[in-house]
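Below: one structure, written as structure tokens.
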């Protein structure tokens, strides 16, 4: 079944306000990209045998909901720690997989301190366990793993209060991949549940509709707004409003007994008894108060251009027109609400 474009827009609105990503960060050449490929059973992430091949963040889909974000290697000449912190901040990601393939370095500690201070959730991976050997042949692989875990706990104890340990992984032998995959899957499942709860929430729906109404105003109150009002070319405004809310003809017919028009709404207010001889400034104040109330505007910046052009042209008695326009927008907004409420029930 084809998804309504308004529903698609609302889904993106909720997605932008939900966690659905996990960052993959760590040491240069620790095999982050190879790890992503192994988790996804694909070869989509670029790998290199020479140097860290990732200089910007890159996103890769994981299962049907999540996204794995491949970050640059930590501590390289190409990417400073300050720039790396900026990448993390801009990403808005709360969960990170930190990948090691050698001893913990100062650059790692500095970044982990930053992540812990900003309440990020961390999973620690020691990759390439197939290459984990004791050159003196004194320790077994299990003893080496124990030593690595001890190093991790002792080094990070000042910065991370809860117990930490590695998930030991090898993309060559497949060791630990199922455990890591399951851990990541559980995080994404929790994030998806959060998305569903937000999608169904009444306050999120109202927030979206208010956002749509606010972003509509600059499209209406343009310098040409005065010509539309003077010529009473309200159909052009109606098209703009319907397109902005992604409302189609069938939607109007489904939810309204009669086709609404701006002119009909204006007619409710534009009659001789309702007209009052007022100065331009007083009328502007009335219109400003109306728009502030209906759209909960903090400033009049979104409408100032159109209103300024209107009064510079000497248009009087514009208040009924603005009243009719705001009522029409509210009516279309109500149709949008009903479409989205139906999609909430279908989730």
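In our numbering, the protein residues as written are 29 to 375.
Glycine included, every Cβ here is placed at the ideal spot set by N, Cα and C.
From a predicted model like this one, the values you see are computed outputs, not experimental measurements.
Relative to the C-alpha of residue i, which residue among the options is closest?
{"i": "residue 318", "options": "346, 132, 107 and 40", "result": "346"}
{"i": "residue 164", "options": "172, 157 and 158", "result": "172"}
{"i": "residue 154", "options": "144, 141 and 125", "result": "125"}
{"i": "residue 213", "options": "362, 197 and 68", "result": "68"}
{"i": "residue 216", "options": "351, 93, 292 and 169", "result": "93"}
{"i": "residue 160", "options": "296, 128 and 293", "result": "128"}
{"i": "residue 232", "options": "61, 365 and 282", "result": "365"}
{"i": "residue 295", "options": "65, 352 and 315", "result": "352"}
How big is the Cα-Cα spacing for residue i and residue j?
{"i": "residue 261", "j": "residue 36", "result": "31 Å"}
{"i": "residue 98", "j": "residue 52", "result": "5 Å"}
{"i": "residue 21", "j": "residue 89", "result": "The requested residue 21 does not occur in the structure, where the chain is confined to residues 29 to 375."}
{"i": "residue 76", "j": "residue 57", "result": "With a pLDDT of 46 at residue 76, under the threshold of 50, the modelled position of this residue cannot be trusted; read the value that follows with caution. Looking at the two C-alpha atoms, the distance is approximately 8 Å."}
{"i": "residue 80", "j": "residue 86", "result": "With a pLDDT of 48 at residue 80, under the threshold of 50, the modelled position of this residue cannot be trusted; read the value that follows with caution. Straight-line Cα distance between these residues: approximately 13 Å."}
{"i": "residue 96", "j": "residue 246", "result": "37 Å"}
{"i": "residue 278", "j": "residue 50", "result": "40 Å"}
{"i": "residue 134", "j": "residue 198", "result": "24 Å"}
{"i": "residue 184", "j": "residue 42", "result": "35 Å"}
{"i": "residue 78", "j": "residue 62", "result": "With a pLDDT of only 42 at residue 78, under the threshold of 50, the placement of this residue in the model should not be trusted; the figure read from the coordinates follows. Approximately 14 Å between the Cα atoms of the pair."}
{"i": "residue 280", "j": "residue 363", "result": "7 Å"}
{"i": "residue 284", "j": "residue 236", "result": "22 Å"}
{"i": "residue 370", "j": "residue 34", "result": "12 Å"}
Kindly indicate the opening and closing residues of the alpha helix (DSSP H) around residue i.
{"i": "residue 334", "result": "329-340"}
{"i": "residue 3", "result": "Given that the chain is displayed from residue 29 to residue 375, the structure contains no residue 3 and the question cannot be resolved."}
{"i": "residue 120", "result": "Where residue 120 is concerned, there is no enclosing alpha helix (DSSP H), given that its DSSP letter is neither H nor E."}
{"i": "residue 216", "result": "205-228"}
{"i": "residue 51", "result": "Taken as a continuous stretch (DSSP letters only), residue 51 belongs to no alpha helix (DSSP H), being part of the beta strand (DSSP E) at 49-54."}
Take residue i and list the residues in its own chain whose beta-carbon comes closer than 6 Å to its own, dropping the five residues that flank it on each side.
{"i": "residue 117", "result": "none"}
{"i": "residue 113", "result": "142"}
Cutting at 7 Å between CB atoms, please list the residues of its own chain near residue i, excluding the five before and the five after it.
{"i": "residue 139", "result": "102, 109 and 112"}
For the beta strand (DSSP E) that contains residue i, what are its first and last residues?
{"i": "residue 100", "result": "94-101"}
{"i": "residue 196", "result": "194-196"}
Once the 5 residues before and after residue i are set aside, which same chain residues still bring their CB inside 8 Å of it?
{"i": "residue 266", "result": "289, 290 and 356"}
{"i": "residue 312", "result": "335 and 339"}
{"i": "residue 175", "result": "167"}
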